[in-house]
Amino acid sequence: MTEVATASAAATGIAMATEKAAKELSPEEERVLIRDIALTAEANTKEGDSFFLITQKWWQHWIDYVNQDQQPNNSNNNEGSSSLSGNSDSNGVGISKRPSGIDNSDLISDGPAEDANSDDGVEIHDTLLEGRDYVLLPQQVWNLLFSWYGGGPALSRKVINSGLSQTEFAVEVYPLRLQLLVTPKGDRSTIRISKKETIGELHRRACEIFHLNLEQVISDVCIWDYYGHRKHALMNDMDKTLDDANIQMDQDILVEVLNNVNDTLVTDGTSITDNGFADKEATSVLLEPSKSSLSIAGGLSANKIASKGYSAEQLQNQTLGCPNKESDNHFGNSGVSTRGTFGGLTGLLNLGNTCFMNSAIQCLVHTPEFARYFREDYHQEINWQNPLGMGELALAFGELLRKLWAPGRTPVAPRPFKAKLARFAPQFSGYNQHDSQELLAFLLDGLHEDLNRVKHKPYVNSRDADGRPDEEVADEYWANHIARNDSIIVDVCQGQYKSTLVCPVCNKVSVTFDPFMYLSLPLQFATTRSMTITIFTCDGSALPSTCTITVPKQGRYRDLIQAVSNACSLKQTEEIKLVEIRNHLIHRFLDDSFVSLSTIKDDDHLAAYKIQKSATGNVLLQLIHRRQEQETSDAQRWKPFGTPLISSLLCDDVIRSGVIQTIVQTMLTPLLKEGIEYSDDSDPSTSGMARDPSDHGSGEVDTNCASTSINKVLPKLPLQLVDESKTCIDLPAGDEKAINLSAMSHVVVYLDWTSKLLEKFNINYLENLPEVFKYGPITKKARTEPLSLYTCLEAFLREEPLVPEDMWYCPQCKEQRQASKKLDLWRLPEVLVIHLKRFSYSRSMKHKVETFVNFPIHDFDLTNYVADKRSSCSQLYELYALTNHYGGMGSGHYTAHIKLLDENKWYNFDDSHISPINEEDVKSAAAYVLFYRRAKSDTSGTSSAGSRRARDKTSYKY
Numbered sequence: 001m002t003e004v005a006t007a008s009a010a011a012t013g014i015a016m017a018t019e020k021a022a023k024e025l026s027p028e029e030e031r032v033l034i035r036d037i038a039l040t041a042e043a044n045t046k047e048g049d050s051f052f053l054i055t056q057k058w059w060q061h062w063i064d065y066v067n068q069d070q071q072p073n074n075s076n077n078n079e080g081s082s083s084l085s086g087n088s089d090s091n092g093v094g095i096s097k098r099p100s101g102i103d104n105s106d107l108i109s110d111g112p113a114e115d116a117n118s119d120d121g122v123e124i125h126d127t128l129l130e131g132r133d134y135v136l137l138p139q140q141v142w143n144l145l146f147s148w149y150g151g152g153p154a155l156s157r158k159v160i161n162s163g164l165s166q167t168e169f170a171v172e173v174y175p176l177r178l179q180l181l182v183t184p185k186g187d188r189s190t191i192r193i194s195k196k197e198t199i200g201e202l203h204r205r206a207c208e209i210f211h212l213n214l215e216q217v218i219s220d221v222c223i224w225d226y227y228g229h230r231k232h233a234l235m236n237d238m239d240k241t242l243d244d245a246n247i248q249m250d251q252d253i254l255v256e257v258l259n260n261v262n263d264t265l266v267t268d269g270t271s272i273t274d275n276g277f278a279d280k281e282a283t284s285v286l287l288e289p290s291k292s293s294l295s296i297a298g299g300l301s302a303n304k305i306a307s308k309g310y311s312a313e314q315l316q317n318q319t320l321g322c323p324n325k326e327s328d329n330h331f332g333n334s335g336v337s338t339r340g341t342f343g344g345l346t347g348l349l350n351l352g353n354t355c356f357m358n359s360a361i362q363c364l365v366h367t368p369e370f371a372r373y374f375r376e377d378y379h380q381e382i383n384w385q386n387p388l389g390m391g392e393l394a395l396a397f398g399e400l401l402r403k404l405w406a407p408g409r410t411p412v413a414p415r416p417f418k419a420k421l422a423r424f425a426p427q428f429s430g431y432n433q434h435d436s437q438e439l440l441a442f443l444l445d446g447l448h449e450d451l452n453r454v455k456h457k458p459y460v461n462s463r464d465a466d467g468r469p470d471e472e473v474a475d476e477y478w479a480n481h482i483a484r485n486d487s488i489i490v491d492v493c494q495g496q497y498k499s500t501l502v503c504p505v506c507n508k509v510s511v512t513f514d515p516f517m518y519l520s521l522p523l524q525f526a527t528t529r530s531m532t533i534t535i536f537t538c539d540g541s542a543l544p545s546t547c548t549i550t551v552p553k554q555g556r557y558r559d560l561i562q563a564v565s566n567a568c569s570l571k572q573t574e575e576i577k578l579v580e581i582r583n584h585l586i587h588r589f590l591d592d593s594f595v596s597l598s599t600i601k602d603d604d605h606l607a608a609y610k611i612q613k614s615a616t617g618n619v620l621l622q623l624i625h626r627r628q629e630q631e632t633s634d635a636q637r638w639k640p641f642g643t644p645l646i647s648s649l650l651c652d653d654v655i656r657s658g659v660i661q662t663i664v665q666t667m668l669t670p671l672l673k674e675g676i677e678y679s680d681d682s683d684p685s686t687s688g689m690a691r692d693p694s695d696h697g698s699g700e701v702d703t704n705c706a707s708t709s710i711n712k713v714l715p716k717l718p719l720q721l722v723d724e725s726k727t728c729i730d731l732p733a734g735d736e737k738a739i740n741l742s743a744m745s746h747v748v749v750y751l752d753w754t755s756k757l758l759e760k761f762n763i764n765y766l767e768n769l770p771e772v773f774k775y776g777p778i779t780k781k782a783r784t785e786p787l788s789l790y791t792c793l794e795a796f797l798r799e800e801p802l803v804p805e806d807m808w809y810c811p812q813c814k815e816q817r818q819a820s821k822k823l824d825l826w827r828l829p830e831v832l833v834i835h836l837k838r839f840s841y842s843r844s845m846k847h848k849v850e851t852f853v854n855f856p857i858h859d860f861d862l863t864n865y866v867a868d869k870r871s872s873c874s875q876l877y878e879l880y881a882l883t884n885h886y887g888g889m890g891s892g893h894y895t896a897h898i899k900l901l902d903e904n905k906w907y908n909f910d911d912s913h914i915s916p917i918n919e920e921d922v923k924s925a926a927a928y929v930l931f932y933r934r935a936k937s938d939t940s941g942t943s944s945a946g947s948r949r950a951r952d953k954t955s956y957k958y
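Going by full-length UniProt numbering, 724 is the number at position 724 of the sequence shown; the sequence numbering is gapless.
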């Protein structure tokens, strides 16, 4: 369906829903309607569209209400995700009470709106998190819910372009809050404005707020970026966006009025106001900050911390003639100061959910190689010619590092660095929580590009191994890499691994050697996975049975099919058809032997069918069960239920309807209740007993098995066959009407279960298909030994198939293949960064792994894991820093544990608070990113090319 048709259908649904009162809609009708409209709206989202905030508490109540008749979802999902897919998060406990009116009051700040001209006239709390406090709904969904339930207030936000390429969409929940200061009058005002608005729009709104003459403002009113209460930049490009101008949340904007617009006399470049105050162009006019002590969206602002010691009286006593004097800290002593005589114990202020940034920065700042490098003159190595580099990021990081290592410093506000970060990585703008590891990855890449010593990158062509010795190929790849990438980051943090790909079809082997900046290790104890599958027979020989089998965690479909075949004692004349069931229909056949088992999720439902091996001319018969359900008060509808059944059908171009009737009767024989006699509507001549289907040309049902049920009376079945034109054809028992199947790859037959027919069969065997893996209370004895970091590393290096989204083009097959991939460590860096993959995502849930990992603090020995045996370098590593994450997905808090090598002591860095800790307290289940340094070795040997530059400079001795 085209987007236009989809949108038209959604519009029709909205119109019908608004005509029909909500009280006339069933919960299921509400759910389906909202789901369809939401999917359509989100698929057609464009810049400028409106989304509405709605409180998570009300939304979850509504989700539980409309899902009350659905099957319960995975009970282990405690992340509070809200689903329109038909599964609620209430662990199967339906909430039948319909929600009352929408109540967004818990999202609203108690104080008055800071911007009286804002669209909704209300201000929301600064610390709200999506998924915890609120959800975002497209305007069409909000309009529908509001028409049904009423309430409010409506909290509308606009969609803006975001991302590095400005092609991604994001909802601007927190528009910029700017504090306008007008001189010479000294008035002030706070406004909300989108970061995608232009400087011209800010100019217009400022003149409107301060009642300036709009006909004169272009030449008489100057707008200044007043960051740090200094004239940072004149904002005179009216078409430039505030985002491009690097304007940040809660920033001061100076509105400077000239040329008598507000009774100001201008003389020789000096403006004299009515109080005789002089302001030369080079002078920074320091105005009193807002007394409201505003906070940044997402957390506490610097102004809140500063309010105790940053008063108007202090401002009046400041010297106005020293605009260039740095005032790094206006906040006073917050109780955290440098301990002892050693540097490096300076904290970072939390600007509002910036703990993820603070923890990563502290680990990098306390990497000895970086600390020495950035405290020396590194400016000569900045590569301003690199189009991928930013220059400014390295300068901002270097300045921040110097402040953090300066002795006697109180906590530093990393606002200049965050501003640069937001300029070049918009995904980290604002004050939402982010992943510390993602920031670290960007920062290392950005610093490398800024400090790349290669001014003009040569073109290099890396060849495949083609049977050459690994040592030769690895050195060639590394030389090619260094020819284009040579920086302090490469010297310190980059290693190399060997990647081996094997085509599953032609067994072509491809070997490459790639650089890495960090290792992302999975957290898993076992290498196997348990999967529960229901097995059905097509020959009437047995009831459906459920079995739980064990397969390799990184295996393929062929491993699962083999395990099921072994579990059900498959005969040589039989085969297994494995399918995924969704909504009581066959969603997909799992028949590609090389697809990874990772594509099967724990909450999927699988069925396996034992059928006769296929021969030429065979087609599959799919039996779909249906029963009547009440649609409205006076109408009923046939809807699928239970689990479909499958049988193999041998036919030419034509088959008799009686054959299909017989095959279906045979499949259902085990389900027939004992002692059932013919009813008045049963005809022994047409229903009778299970007959030998070979008499009718099918030849695919085992007649020996069928004959074992000879004494069971089978009632006639109301069957309908779906032909190639999607038309249903009745298949009455005893009718030998010929049906043309020449154009059909498979046969779909509906069995409509009447109430009388349901009484004759045990259909509970067809219902309640179990999930592949059901999370529940742990019944097995807890593992006595914690998960080892070595075990995680071995799981990372284990051979596994590529995911379907990352297929490999086999040069021999000339096709995309899901190859097997094996990694081996080839050369290790001086500083080894290890990321523990604690966060996982699936179709229906997101999850944080809280597993404790036992990682070594001393003597992390990787000798046996390095494939290149030529190197005599020490492969022992010492832990010197790590980041921790406490809490759940999308929230929580980051800290860092860091060892000051000069003191040989460990400290906990919790934003601005620093405290000593014992070494035994460093290990915890919160450990997230580990930083190891190569242990010093007295033996000399061949060093890797990765540390070439470090060896040549005495300042980088390891």
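Just so it is clear, CB atoms sit at the ideal spot from N, CA and C, and this is done for glycine as well.
Model, not experiment: these values are computed from the prediction.
How would you write the range of the beta strand (DSSP E) that residue 40 sits in, first residue to last? Unbroken run through residue 40 is the alpha helix (DSSP H), 27-43; no beta strand (DSSP E).
Could you check whether residue 884 and residue 932 sit closer than 8 Å to each other, using their CB atoms as the reference points? no
Who does residue 618 pair with in a DSSP beta bridge? 650
Give me the Cα-Cα distance between residue 154 and residue 103, rounded to the nearest whole angstrom. 10 Å
Based on DSSP bridge pairs, tell me the residues matched to residue 808. 817
Taking only three categories from DSSP, how would you classify residue 848? strand
If you run the structure through DSSP and keep just helix, strand and coil, what is residue 865? helix
Look at residue 470 and residue 496 and say whether their C-beta atoms are less than 8 Å apart. no
On the premise that residue 498 lies in contact with residue 960, defined as a C-beta separation below 8 Å, what is that separation, rounded to the nearest angstrom? With the chain covering 1 to 958 only, the question about residue 960 has no answer from this structure.
Report all residues from its chain with a CB closer than 6 Å to the CB of residue 277; omit the five preceding and five following residues, and keep chain order. Note that residue 277 has pLDDT 31, beneath the 50 cutoff, so the model's placement of it is unreliable and the number below is only indicative. Nothing meets the Cβ criterion.
So, with DSSP's three-state summary, where would you put residue 641? coil
Residue 721 - partner residues in DSSP beta bridges: 729 and 749
Alpha carbon to alpha carbon, how far is residue 517 from residue 152? Give it in angstroms, no decimals. 49 Å
Within the stretch 347-433, note down every full alpha helix (DSSP H) run reaching 4 residues or more, in order along the chain. 355-365, 368-375, 392-405 and 415-424
Leaving out five residues before and five after residue 563 in sequence, what residues of the same chain have Cβ atoms less than 6 Å from its Cβ? 549 and 551
Measuring alpha carbon to alpha carbon, tell me which of 400, 858, 755 and 839 ends up nearest residue 436. 839
Identify every residue that forms a DSSP beta bridge with residue 498. 513 and 824
Looking at residue 607 and residue 533, is the spacing between their C-beta atoms short of 8 Å? yes
Could you spell out the range, first to last residue, of the alpha helix (DSSP H) harbouring residue 476? 470-484
Name the two residues that bound the continuous beta strand (DSSP E) containing residue 739. 738-740
At the level of alpha carbons, what is the spacing between residue 802 and residue 586? 26 Å
Spatial distance of residue 39 from residue 138 (CA atoms): 9 Å
Kindly identify the DSSP beta-bridge partner or partners of residue 916. 907
DSSP three-state assignment for residue 225, whether helix, strand or coil: strand
In the DSSP output, which residue or residues are listed as bridge partners for residue 195? Residue 195 is not bridged to any residue.
Whole angstroms are fine: how far does the CA of residue 833 sit from the CA of residue 809? 31 Å
Quick test of your reading: residue 369 and residue 830, contact by CB under 8 Å. State the CB separation rounded to the nearest angstrom. 7 Å
What number of angstroms, rounded off, separates the C-alpha of residue 404 from the C-alpha of residue 822? 42 Å
Contact criterion: CB-CB distance below 8 Å. Does residue 392 meet it with respect to chain C? In summary, chain C is missing from the structure at hand, where a single protein chain is found.
First and last residue of the beta strand (DSSP E) that includes residue 612? 606-612
Taking all protein chains shown into account, do 16 or more other C-beta atoms lie within 10 angstroms of the C-beta of residue 56, making it buried, or fewer, making it exposed? buried
Quick check: the Cα distance between residue 747 and residue 864, rounded to an integer number of angstroms? 57 Å
Candidates 917, 878, 719 and 765: which alpha carbon is nearest residue 544's? 765
Rounded to a whole number of angstroms, what is the C-alpha to C-alpha distance between residue 386 and residue 530? 51 Å
Short check: CB of residue 852 to CB of residue 789, under 8 Å? no
In its own chain, which residues sit with a C-beta less than 7 Å from the C-beta of residue 98, not counting the 5 before and 5 after it? 65
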